[in-house]
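Peer 1: With my numbering, the residue at position 387 of the sequence shown is 387, and numbering never jumps.
This structure is in structure tokens; I'll ask about it shortly.
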Amino acid sequence: MSASDDRDQTAMELGKAYQRIAELERQLARIQEEKRKYRMVTENATDIIWIVNLDLQFTFISAAVEKVRGFTVAEALQERLTDVLTPESYSLTLHHFQQELARDQDPDRPHGRNLMLELAQYRKDGSTIWTENTMKFIRDDANRPIGVIGVTRDISARMKTDKDLRESEERYRQLFESESDSIFLIDNETGRLLEANAAATAMYQMSREELLTKKNTDLSAEPEDTRRVTVSSPVISDQIITIPLRFHRKKDGTVFPVEITGRFFVRKGRPVHIAAIRDITERLRVEKENREWKRRYDLLFLSAGNIVYECNPQTGEAEWGGSIEAILGYAPAELTGGYHRWKELIHPNDREAIVRRYDESWERGTKFSAEYRCLRKNGHYVLLQDTGYPLLDEQGRPERILGVINDITDKKAAEENRRRLEEQLVQAQKMESIGRLAGGVAHDFNNILTGIIGYAEMMLTGMADDDRSFAEVTEIKKAAERAATLTAQLLAFSRKQLIDPKILDLNLLVGQSVRMIQRLIGEDIDLQFTAAPDLGRVKVDAGQIDQILINLAVNARDAMPRGGKLVIETANTEIDAAFCRRHPYATPGCYTMLAMSDTGCGMTPEVMQHLFEPFFTTKERGKGTGLGLSMIYGIVKQNNGFINVYSELNQGTSFKIYLPAVAVTSDQPPAPDPHDLPPGSETILLVEDEEVVRGMVRQILEDHGYRVWLATTAEEAQALAFAAEPPLDLLFTDVVLPTLNGRQLFESLQVKWPALRVLYMSGYTENAIAHHGVVDEGVMFLQKPFSIASLLRKVREALERKP
């Protein structure tokens, strides 16, 4: 062989080596990239494990069925295989089952094979998904089939993920095990093949001798005009050309795609070219599958409702996929400008910190995670959760960031709403606890005040007006009455104040109080009352409405020391479920609203948090007890209503009270006017555990002609009553006693005294004779503390009532 031939051979081998090394590097890079992406997408995949009996009824199914098919485990266990699979898939499955069972009839054929089928299944919403199913018959100890166990994988979003993995591994093996490209030496003028390597014989299924009888156009499977391209290409020495795609034919007629790389040169004075022909069937298939994989990749994140992205913060390159259009309103093609365009969408207040964290993640090669606001196409901001993972090269340097973005706007709003509701619940519980304490204190204090007021009145009865002690005792009585007003406010706040509600017209009540309120607030404040027409009636105690109006008016007056405007309004309103979700203390229904608004100094949010707490006040010492608003709070709650307060500093305050509207009923007869009562002679059993109250009441009753039996406990009263001879006309008892309550005592005495009448007294009561503080129909009750006149009047009314 000549030196020229050696150089030609060397050139051919160098060309072949160059092509193989370049292709090896390209394919290795593609395979590594595919494996990296595939691993990130599939490492969280979840499969369904299931078992059916021979009737194809599910007997077990894993919790993954809810994620894959939308059914709960309980729902899925009610299904049969025919309910799960489409008719075609069900027929295919039965066919394979029958084939497998037929093997039981042939002892020489193996049993227990795994069946792997791709089947279409129904989701709960009626849609169809494709799944990969691995199944095997379960057998008993006698090797008889008793059911089928299977594993189902959702491949609807990634139809061929597992297949891609196997093929990717196969390509990876072939990269190192495959033959080299076909190499031909071709005469430019005739197109005759002058040389062919061993790889060419394998590729075209011809011997070397057969190949050397062919022209290069004989290998082509394309039309004649296309074939000429490879022959009539311009001949320029050392020029390398690449024809990316042609179709060649093997000896058996098989057509396959090839990539041709040629280098032209002159050999022995004749123009020739060396052609490296690569079978690119596998590459084209891989490219097609990669396109399909990317499509499934986007579908996967579309179905999950997430945005998926790849970006390089240094170069600014970025690709977007998944649900980006659903979340932000932009199609991926609209986000031109890559990473830098994305930075512009980040809220200005968040942008600097987020970009810094991106850069840190890139520099350190560490995970990135952050929450930030991002601008939608419609101009509104959404809250996003962004998690990114740097992809590193072989040297550990970042190549790009692969990330997933979730829209957490609704989630954060729900968390904030839950936090607000929890705060309202804590506040309500705190108010309830304070109420219990206030009610207990007021009850005990009322017992003391009953004695003070009673004995003071008894002393005044026996004194002349010019007696030196008359004025002093009068002051004692006034002080006790002021203290009684204080305890009444505590009872109102704690909702233990006993009331006698009636169906009333709120417009009428407020209208009757307007002149009194005007005198109370002074002439510097403009008072306006706007009454709603056809206002719904409310069932309330008229005295409590007066308390509300007076306390709110006083507070408004104090908030406007230089004058202003006070507006009182009424209105009909309906509270719906949506309002109640935002204000859990409210109940849906029709309400009558009473509002009082001023143009005063307003309140800070901190003050409003403590507004209804007893003894909380912003007024100077001696100018307020701090019980006015807590009393209003208790009154409204006691009447099944609620209050909303709106206030802005230096703008004013508005209290809106909502009371349930009730149907109008016939008017009740007015209460009789107080009148002087004649002395009595009846026998009264007085039961009271407070000594000062018991002694005072006994003296008053005996001074007015009544015969009084005393008892400190229910047991003592029972002993007296059952041992006494008639007559016993009235049981006058405290509601709260150490053992039996007043009602239980009365019911026990009726066994011997069926005509016995009863009068109850108490500082407050829970449920003994009153429901939620409202006096039961037909029950006679005397609220502590009481005056001599009210005591004698109530005793007389009780005695004159029919049993």
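For every residue, glycine included, the Cβ atom is placed at its ideal position computed from N, Cα and C.
Here the structure is a predicted model, which means the values were calculated and not measured.
Three-state secondary structure (DSSP) at C580?
Peer 2: Within the sequence shown, residue 580 is the residue found at index 580, counting from 1. C580 falls in the helix class under three-state DSSP.
Peer 1: Apart from the five residues just before and just after T409, which ones in its own chain have a Cβ nearer than 6 Å to its Cβ?
Peer 2: Mapped onto the sequence shown, residue 409 falls at position 409. V382, L383, listed in sequence order.
Peer 1: Using the Cα positions of L799 and Q609, report the straight-line distance between them to the nearest angstrom.
Peer 2: For the purposes of this step, residue 799 is taken as the residue at position 799 of the sequence shown. For the purposes of this step, residue 609 is taken as the residue at position 609 of the sequence shown. Whole-angstrom Cα-Cα distance: 50 Å.
Peer 1: If you follow the beta strand (DSSP E) that F184 is in, where does it begin and where does it stop?
Peer 2: If you number the sequence shown from 1, residue 184 lands on position 184. Where F184 is concerned, the enclosing beta strand (DSSP E) stretches over 182-187.
Peer 1: If you draw a straight line from the alpha carbon of V662 to that of D47, how long is it in whole angstroms?
Peer 2: Reading the sequence shown from its first residue, position 662 is the one you call residue 662. Reading the sequence shown from its first residue, position 47 is the one you call residue 47. One C-alpha to the other measures close to 59 Å.
Peer 1: Just to check my reading of the structure: P588 and A577 have Cβ atoms closer than 8 Å, yes? What is that Cβ distance to the nearest angstrom?
Peer 2: Numbered from its first residue, the sequence shown carries residue 588 at position 588. Numbered from its first residue, the sequence shown carries residue 577 at position 577. At roughly 5 Å, the Cβ-Cβ gap stays under 8 Å, so P588 and A577 are in contact.
Peer 1: With H, G and I counted as helix, E and B as strand and the rest as coil, what does DSSP make of H380?
Peer 2: In the sequence shown, residue 380 corresponds to position 380, counting from 1. If DSSP states are grouped into helix, strand and coil, H380 belongs with coil.
Peer 1: Starting from D703, trace the alpha helix (DSSP H) both ways and give me its first and last residue.
Peer 2: Mapped onto the sequence shown, residue 703 falls at position 703. It spans 691-703 - the alpha helix (DSSP H) in which D703 sits, taken as one unbroken run.
Peer 1: Does the stretch 281-291 come into contact with the stretch 303-323, if we say contact requires no fewer than three beta-carbon pairs (one atom in each stretch) closer than 8 Å?
Peer 2: With a cut-off of 8 Å, the stretch 303-323 and the stretch 281-291 do not count as touching, because too few Cβ pairs lie within range.
Peer 1: If you check the beta carbons only, do D279 and V258 fall under 8 Å apart?
Peer 2: Reading the sequence shown from its first residue, position 279 is the one you call residue 279. Reading the sequence shown from its first residue, position 258 is the one you call residue 258. Going by C-beta atoms, D279 is nearer than 8 Å to V258.
Peer 1: Count the other CB atoms, across all protein chains shown, that sit within 10 Å of the CB of H248; report buried if there are 16 or more and exposed otherwise.
Peer 2: Taking the sequence shown and counting its residues from 1, one reaches residue 248 at position 248. Buried, since its Cβ has 16 or more Cβ neighbours within 10 Å.
Peer 1: Out of V693, L710, V692, point me to the one whose CA is closest to T683's CA.
Peer 2: Along the sequence shown, one-based indexing puts residue 683 at 683. For the residues V693, L710, V692, the minimum Cα distance to T683 belongs to L710.
Peer 1: Indicate whether L56 and L77 have their beta-carbon atoms separated by less than 8 Å.
Peer 2: In the sequence shown, residue 56 corresponds to position 56, counting from 1. In the sequence shown, residue 77 corresponds to position 77, counting from 1. No, the pair does not count as a contact, with Cβ atoms beyond the cut-off.
Peer 1: Provide the residue(s) that pair with E688 in DSSP beta bridges, ordered along the chain.
Peer 2: Taking the sequence shown and counting its residues from 1, one reaches residue 688 at position 688. E688 is not bridged to any residue.
Peer 1: On a CA-only basis, which of M560, G600, L549 is nearest Y633? Give me that one, please.
Peer 2: Here the question's residue 633 lines up with position 633 in the sequence shown. Of the listed residues, the one whose Cα sits closest to Y633 is L549.
Peer 1: According to the neighbour-count rule (16 or more other Cβ atoms, all chains shown, within 10 Å of its Cβ), is L552 buried or exposed?
Peer 2: Counting from 1 along the sequence shown, the entry for residue 552 is found at position 552. Buried.
Peer 1: Alpha carbon to alpha carbon, what distance is there between D407 and R30?
Peer 2: By 1-based counting over the sequence shown, the position of residue 30 is 30. By 1-based counting over the sequence shown, the position of residue 407 is 407. Using only the alpha carbons, I get a separation of about 32 Å.
Peer 1: Between which two residues does the beta strand (DSSP E) carrying H340 extend?
Peer 2: Counting from one through the sequence shown, the residue named residue 340 turns up at place 340. No beta strand (DSSP E) contains H340, which is instead part of the alpha helix (DSSP H) from 338-345.
Peer 1: Alpha carbon to alpha carbon, what distance is there between L629 and M516?
Peer 2: By one-based count along the sequence shown, residue 516 stands at place 516. By one-based count along the sequence shown, residue 629 stands at place 629. Distance between the alpha carbons of M516 and L629: 20 Å.
Peer 1: Please state whether DSSP places V736 in a helix, a strand or coil.
Peer 2: Position 736 of the sequence shown, counted from the start, is the residue given in the question as residue 736. Of the three classes helix, strand and coil, the one that applies to V736 here is coil, per DSSP.
Peer 1: Closer than 7 Å by C-beta to V65: which residues in its own chain qualify, once you throw out the five before and the five after it? Chain order, please.
Peer 2: Counted from its first residue, the sequence shown places residue 65 at position 65. If we look at V65 and ignore the five residues flanking it on each side, its Cβ neighbours are I48, F71, V73, A76.
Peer 1: Are I405 and Y389 close, meaning C-beta to C-beta below 8 Å?
Peer 2: Numbered from its first residue, the sequence shown carries residue 405 at position 405. Numbered from its first residue, the sequence shown carries residue 389 at position 389. Against a cut-off of 8 Å, the Cβ pair of Y389 and I405 comes out as no contact.
Peer 1: For Q783, count neighbouring C-beta atoms within 10 Å of its own C-beta (all shown protein chains included) and say buried if the count is 16 or more, exposed if not.
Peer 2: As a working note, residue 783 is residue 783 in the sequence shown. With 16 or more other Cβ atoms within 10 Å, it is buried.
Peer 1: Is T131 closer than 8 Å to L119 when the C-beta atoms are compared?
Peer 2: Within the sequence shown, residue 119 is the residue found at index 119, counting from 1. Within the sequence shown, residue 131 is the residue found at index 131, counting from 1. In this structure, T131 lies closer than 8 Å to L119 by Cβ.
Peer 1: Name the residue from V538, G564, R537, L509 whose alpha carbon lies nearest to the alpha carbon of G527.
Peer 2: Within the sequence shown, the letter at position 527 stands for residue 527. Rather than Gly, the amino acid found at residue 527 in this sequence is Leu. The option with the nearest alpha carbon to L527 is G564.
Peer 1: Is T281 closer than 8 Å to T261 when the C-beta atoms are compared?
Peer 2: For the purposes of this step, residue 261 is identified with residue 261 of the sequence shown, where counting begins at 1. For the purposes of this step, residue 281 is identified with residue 281 of the sequence shown, where counting begins at 1. Result no, Cβ atoms of T261 and T281 do not sit closer than 8 Å.
Peer 1: Looking only at C-alpha atoms, which of F265, P785, K250 sits nearest to E189?
Peer 2: Residue 189 sits at position 189 when you count from the first residue of the sequence shown. Nearest of F265, P785, K250 to E189, Cα basis: F265.
Peer 1: Give me the Cα-Cα distance between I448 and L685, rounded to the nearest whole angstrom.
Peer 2: Within the sequence shown, the letter at position 448 stands for residue 448. Within the sequence shown, the letter at position 685 stands for residue 685. Going from the Cα of I448 to the Cα of L685 covers about 21 Å.
Peer 1: Nearest to N639 by alpha carbon, out of L701, P738, K539?
Peer 2: Your numbering for residue 639 matches position 639 in the sequence shown. For the residues L701, P738, K539, the minimum Cα distance to N639 belongs to K539.
Peer 1: If we ignore side chains and look at the alpha-carbon of each, how far apart do E416 and L649 end up?
Peer 2: The residue labelled residue 416 in the question sits at position 416 within the sequence shown. The residue labelled residue 649 in the question sits at position 649 within the sequence shown. Their Cα atoms are separated by approximately 25 Å.
Peer 1: To which residues of the same chain is S787 closer than 7 Å at the C-beta, ignoring the five residues directly before and after it?
Peer 2: Numbered from its first residue, the sequence shown carries residue 787 at position 787. Contacts found: I453, E457.
Peer 1: Do you know whose CA, among S91, K214, T152, A276, lies nearest E23's CA?
Peer 2: Position 23 of the sequence shown holds residue 23. Looking at the Cα atoms, A276 is the closest of the given residues.
Peer 1: On the criterion of 16 or more Cβ atoms from any shown chain inside 10 Å, does S790 qualify as buried, or is it exposed?
Peer 2: Within the sequence shown, the letter at position 790 stands for residue 790. Its Cβ having fewer than 16 others within 10 Å, S790 is exposed.
Peer 1: Distance check for Y591 and E716, CA to CA, integer angstroms please.
Peer 2: For the purposes of this step, residue 716 is taken as residue 716 along the sequence shown, with counting starting at 1. For the purposes of this step, residue 591 is taken as residue 591 along the sequence shown, with counting starting at 1. So the two alpha carbons sit approximately 49 Å from each other.
Peer 1: Cβ of V735 within 8 Å of Cβ of Y760?
Peer 2: What you label residue 735 is simply residue 735 of the sequence shown in a count that begins at 1. What you label residue 760 is simply residue 760 of the sequence shown in a count that begins at 1. Yes. Within cutoff.
Peer 1: Does the beta carbon of Q105 fall short of 7 Å from some heavy atom of the ligand ATP?
Peer 2: Summarising the ligand content, the structure contains no ligands, and the ligand ATP is consequently not present.
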